[in-house]
Structure formats: structure tokens, C-alpha cells
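Here's the structure, in C-alpha cells; my notes come after.
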Amino acid sequence: ITSGSFSPTMEKSIALARIPLGIAPGEEVEVEIRDKTLKAKVVKYPFVRNGKTLIS
Numbered sequence: 001i002t003s004g005s006f007s008p009t010m011e012k013s014i015a016l017a018r019i020p021l022g023i024a025p026g027e028e029v030e031v032e033i034r035d036k037t038l039k040a041k042v043v044k045y046p047f048v049r050n051g052k053t054l055i056s
């Protein structure tokens, strides 16, 4: 994870991360945040455009 925050528009946490080649949008990965392993979903950027969420 290179950066992350809570998105009020999406009402969930979002983050940017460097991932290995070959991992495609839609795949689930595990990330470590503050010594906890959490599940995350890889999605294309941008997350929001013109105030509308582009991902589910």
C-alpha cells in the first residue's frame, strides 16, 4: 500500500498499491495494514468520476 484513506463518496476505505504484473482487476489480494492481514479487491483507477462511483 502506498497510500490510503476513507472515501466519503464511496463510503468505504480505498488505497493505492504497487502490485505484481499479472494481477488483473477483479482479483482479490491480501494486504497488510498495521500488522493485520486484510482482503482487498483490485480495481481500475479512477474510483469516482463526476461524483459517481465507478466500482462496486
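Under the working numbering, the first residue of the sequence shown carries the number 1, and numbering increases by one thereafter.
In this text, a Cβ means the ideal position worked out from N, Cα and C, and glycines have one as well.
This structure is a prediction, so every number in the text was calculated from the model and none was measured.
- For Leu21, no beta strand (DSSP E) segment is defined, and its DSSP state is neither H nor E.
- Put simply, the backbone Cα of Lys39 is about 18 Å away from that of Gly22.
- Looking at the DSSP output, Glu30 bridges to Lys39.
- Beyond the five residues adjoining it in sequence on each side, Asp35 comes within less than 8 Å, by CB distance, of no other residue in the same chain.
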